[in-house]
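In my numbering, the protein residues as written are 429 to 633.
Think of the CB as a built atom: it goes at the ideal place given N, C-alpha and C, for glycine as much as any other residue.
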(Lines of atoms letter the chains of each structure in order from A and count residues from 1; the text may use other names and numbers.)
(Lines give C-alpha, C1' and ligand atoms only; values in the text may rest on other atoms or scores of the structure.)
Protein backbone atom coordinates (compact mmCIF):
# COMPACT_ATOMS: atom_id res chain seq x y z
CA UNK A 1 0.00 0.00 0.00
CA UNK A 2 2.79 2.41 0.96
CA UNK A 3 4.72 1.61 -2.23
CA UNK A 4 1.61 2.23 -4.33
CA UNK A 5 1.12 5.65 -2.73
CA UNK A 6 4.77 6.52 -3.25
CA UNK A 7 4.63 5.44 -6.89
CA UNK A 8 1.47 7.47 -7.45
CA UNK A 9 3.07 10.48 -5.79
CA UNK A 10 6.17 10.15 -7.97
CA UNK A 11 4.12 9.86 -11.18
CA UNK A 12 2.09 12.97 -10.30
CA UNK A 13 5.28 14.79 -9.34
CA UNK A 14 6.87 13.85 -12.68
CA UNK A 15 3.86 15.26 -14.52
CA UNK A 16 4.01 18.47 -12.51
CA UNK A 17 7.72 18.79 -13.23
CA UNK A 18 6.91 19.32 -16.90
CA UNK A 19 5.34 22.66 -15.97
CA UNK A 20 8.79 23.92 -14.97
CA UNK A 21 9.46 24.53 -18.64
CA UNK A 22 7.05 27.47 -18.33
CA UNK A 23 8.14 28.67 -14.90
CA UNK A 24 8.88 32.06 -16.46
CA UNK A 25 5.15 32.76 -16.56
CA UNK A 26 4.95 33.40 -12.82
CA UNK A 27 7.52 36.24 -12.72
CA UNK A 28 6.11 37.57 -15.99
CA UNK A 29 2.66 37.92 -14.45
CA UNK A 30 4.09 39.52 -11.32
CA UNK A 31 6.01 42.02 -13.46
CA UNK A 32 3.03 42.88 -15.64
CA UNK A 33 0.82 43.35 -12.60
CA UNK A 34 3.26 45.58 -10.75
CA UNK A 35 4.51 47.68 -13.67
CA UNK A 36 1.40 49.81 -14.34
CA UNK A 37 0.78 50.31 -10.61
CA UNK A 38 4.31 51.57 -10.04
CA UNK A 39 4.45 53.63 -13.22
CA UNK A 40 1.19 55.38 -12.36
CA UNK A 41 2.46 56.21 -8.87
CA UNK A 42 5.72 57.55 -10.29
CA UNK A 43 3.94 59.50 -13.02
CA UNK A 44 1.63 61.14 -10.49
CA UNK A 45 4.62 62.26 -8.41
CA UNK A 46 6.46 63.60 -11.46
CA UNK A 47 3.38 65.39 -12.80
CA UNK A 48 2.89 67.23 -9.50
CA UNK A 49 6.52 67.35 -8.43
CA UNK A 50 6.37 70.58 -6.43
CA UNK A 51 3.36 69.38 -4.46
CA UNK A 52 4.99 66.00 -3.93
CA UNK A 53 8.23 67.55 -2.66
CA UNK A 54 6.26 69.87 -0.36
CA UNK A 55 4.36 66.89 1.07
CA UNK A 56 7.57 64.92 1.51
CA UNK A 57 9.23 67.76 3.41
CA UNK A 58 6.47 69.31 5.53
CA UNK A 59 6.59 68.00 9.12
CA UNK A 60 3.09 69.19 10.02
CA UNK A 61 0.83 67.86 7.25
CA UNK A 62 3.38 65.82 5.31
CA UNK A 63 6.08 63.23 5.90
CA UNK A 64 8.79 65.54 7.27
CA UNK A 65 11.55 63.85 5.26
CA UNK A 66 14.97 65.49 4.79
CA UNK A 67 15.98 66.75 1.33
CA UNK A 68 12.38 66.47 0.07
CA UNK A 69 13.18 67.37 -3.56
CA UNK A 70 15.83 64.65 -3.74
CA UNK A 71 13.63 62.10 -1.97
CA UNK A 72 10.65 62.91 -4.21
CA UNK A 73 12.79 62.60 -7.34
CA UNK A 74 14.23 59.28 -6.19
CA UNK A 75 10.81 57.87 -5.31
CA UNK A 76 9.18 59.04 -8.54
CA UNK A 77 12.05 57.96 -10.76
CA UNK A 78 12.36 54.58 -9.08
CA UNK A 79 8.65 53.86 -9.49
CA UNK A 80 8.27 55.13 -13.06
CA UNK A 81 11.48 53.84 -14.63
CA UNK A 82 11.47 50.75 -12.43
CA UNK A 83 8.02 49.95 -13.78
CA UNK A 84 9.31 50.32 -17.34
CA UNK A 85 12.17 47.93 -16.56
CA UNK A 86 9.76 45.39 -15.09
CA UNK A 87 7.63 45.37 -18.25
CA UNK A 88 10.50 43.99 -20.33
CA UNK A 89 12.19 42.15 -17.48
CA UNK A 90 15.41 44.14 -17.56
CA UNK A 91 17.62 44.27 -14.42
CA UNK A 92 14.69 42.76 -12.53
CA UNK A 93 16.58 41.74 -9.41
CA UNK A 94 18.50 44.99 -9.29
CA UNK A 95 15.46 47.25 -9.66
CA UNK A 96 13.50 45.20 -7.12
CA UNK A 97 15.81 46.45 -4.35
CA UNK A 98 15.06 50.21 -4.54
CA UNK A 99 11.41 49.44 -5.26
CA UNK A 100 11.21 47.35 -2.08
CA UNK A 101 12.84 50.18 -0.16
CA UNK A 102 10.23 52.55 -1.58
CA UNK A 103 7.45 50.24 -0.38
CA UNK A 104 8.99 50.03 3.10
CA UNK A 105 9.30 53.81 3.35
CA UNK A 106 5.69 54.23 2.16
CA UNK A 107 4.42 51.63 4.62
CA UNK A 108 6.24 53.15 7.60
CA UNK A 109 5.79 56.86 6.89
CA UNK A 110 2.34 56.97 5.27
CA UNK A 111 0.31 53.86 6.05
CA UNK A 112 1.56 52.28 9.29
CA UNK A 113 -0.54 54.25 11.75
CA UNK A 114 -3.71 53.27 9.84
CA UNK A 115 -3.27 49.54 10.37
CA UNK A 116 -3.49 46.87 7.70
CA UNK A 117 -6.65 47.50 5.67
CA UNK A 118 -6.56 49.77 2.62
CA UNK A 119 -10.37 50.08 2.63
CA UNK A 120 -12.33 50.35 5.88
CA UNK A 121 -14.21 47.09 6.41
CA UNK A 122 -15.65 46.67 9.88
CA UNK A 123 -16.45 43.02 9.16
CA UNK A 124 -12.77 42.13 8.66
CA UNK A 125 -10.87 40.38 11.44
CA UNK A 126 -8.06 42.83 10.64
CA UNK A 127 -10.21 45.85 11.45
CA UNK A 128 -8.72 48.14 14.09
CA UNK A 129 -10.40 50.83 16.19
CA UNK A 130 -9.98 53.35 13.37
CA UNK A 131 -11.82 51.08 10.94
CA UNK A 132 -14.59 50.26 13.39
CA UNK A 133 -15.14 53.95 14.09
CA UNK A 134 -15.31 54.63 10.33
CA UNK A 135 -18.31 52.28 9.99
CA UNK A 136 -20.61 54.83 11.68
CA UNK A 137 -19.34 57.58 9.38
CA UNK A 138 -19.95 55.36 6.34
CA UNK A 139 -23.52 54.61 7.41
CA UNK A 140 -24.14 58.32 7.92
CA UNK A 141 -22.67 59.16 4.50
CA UNK A 142 -24.91 56.58 2.83
CA UNK A 143 -27.93 57.96 4.64
CA UNK A 144 -27.15 61.49 3.41
CA UNK A 145 -26.72 60.23 -0.15
CA UNK A 146 -30.02 58.33 -0.05
CA UNK A 147 -31.86 61.41 1.20
CA UNK A 148 -30.22 64.00 -1.03
CA UNK A 149 -28.97 62.22 -4.14
CA UNK A 150 -29.66 59.57 -6.73
CA UNK A 151 -28.20 56.76 -4.64
CA UNK A 152 -28.73 53.99 -7.21
CA UNK A 153 -26.86 56.04 -9.83
CA UNK A 154 -24.08 57.02 -7.43
CA UNK A 155 -23.49 53.39 -6.49
CA UNK A 156 -24.11 51.95 -9.95
CA UNK A 157 -20.41 51.27 -10.49
CA UNK A 158 -19.53 50.20 -6.98
CA UNK A 159 -20.26 50.63 -3.31
CA UNK A 160 -19.48 53.76 -1.33
CA UNK A 161 -16.48 53.06 0.92
CA UNK A 162 -14.12 54.90 3.24
CA UNK A 163 -10.43 54.81 2.40
CA UNK A 164 -8.44 53.61 5.39
CA UNK A 165 -5.04 53.83 3.66
CA UNK A 166 -3.42 51.04 5.66
CA UNK A 167 -0.28 49.13 4.71
CA UNK A 168 -2.14 46.41 2.77
CA UNK A 169 -1.12 47.44 -0.75
CA UNK A 170 2.43 48.50 0.15
CA UNK A 171 3.00 45.18 1.95
CA UNK A 172 1.53 43.20 -0.95
CA UNK A 173 3.71 44.98 -3.51
CA UNK A 174 6.74 44.46 -1.28
CA UNK A 175 6.12 40.71 -1.14
CA UNK A 176 5.67 40.54 -4.92
CA UNK A 177 8.91 42.48 -5.44
CA UNK A 178 10.69 40.21 -2.96
CA UNK A 179 9.56 37.21 -5.01
CA UNK A 180 10.97 38.86 -8.15
CA UNK A 181 14.23 39.57 -6.33
CA UNK A 182 14.69 35.83 -5.81
CA UNK A 183 13.31 34.58 -9.14
CA UNK A 184 14.57 37.30 -11.44
CA UNK A 185 12.72 38.23 -14.62
CA UNK A 186 11.94 34.63 -15.47
CA UNK A 187 12.75 32.22 -18.25
CA UNK A 188 12.00 33.12 -21.90
CA UNK A 189 9.87 36.20 -21.18
CA UNK A 190 12.48 38.66 -19.95
CA UNK A 191 15.44 40.57 -21.34
CA UNK A 192 17.40 39.33 -18.33
CA UNK A 193 17.01 35.73 -19.46
CA UNK A 194 18.32 36.38 -22.96
CA UNK A 195 21.20 38.52 -21.71
CA UNK A 196 22.17 35.78 -19.26
CA UNK A 197 21.87 33.17 -22.01
CA UNK A 198 24.27 35.22 -24.13
CA UNK A 199 26.76 36.39 -21.52
CA UNK A 200 26.28 34.05 -18.52
CA UNK A 201 25.16 30.71 -19.97
CA UNK A 202 26.00 28.91 -16.72
CA UNK A 203 23.15 30.83 -15.05
CA UNK A 204 20.48 29.50 -17.41
CA UNK A 205 21.74 26.00 -17.89
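Residue environment: residue 627 is assigned as exposed (fewer than 16 neighbouring CB atoms within 10 Å of its CB, all protein chains considered). As the crow flies, the alpha-carbon of residue 520 is around 14 Å from that of residue 616. By alpha-carbon distance to residue 536, the top candidate from 493, 498, 611 is 493. Between the beta-carbon of residue 513 and that of residue 500 there is about 20 Å, and that puts the pair past the 8 Å contact cut. Note that the C-beta distance between residue 463 and residue 515 is below 8 Å. Comparing alpha-carbon positions, the option among 488, 511, 474, 510 lying closest to residue 498 turns out to be 474.
The continuous alpha helix (DSSP H) containing residue 567 extends over residues 557-576. In the structure shown, the three-state DSSP call for residue 595 is coil. Around the beta-carbon of residue 562, 16 or more other beta-carbon atoms lie within 10 Å, marking it buried. Sixteen is the threshold: since fewer than 16 other Cβ atoms of the shown chains lie within 10 Å of the Cβ of residue 567, the residue is exposed.
Taking every protein chain shown into account, the CB of residue 594 has 16 or more other CB atoms within 10 angstroms, so this residue is buried.
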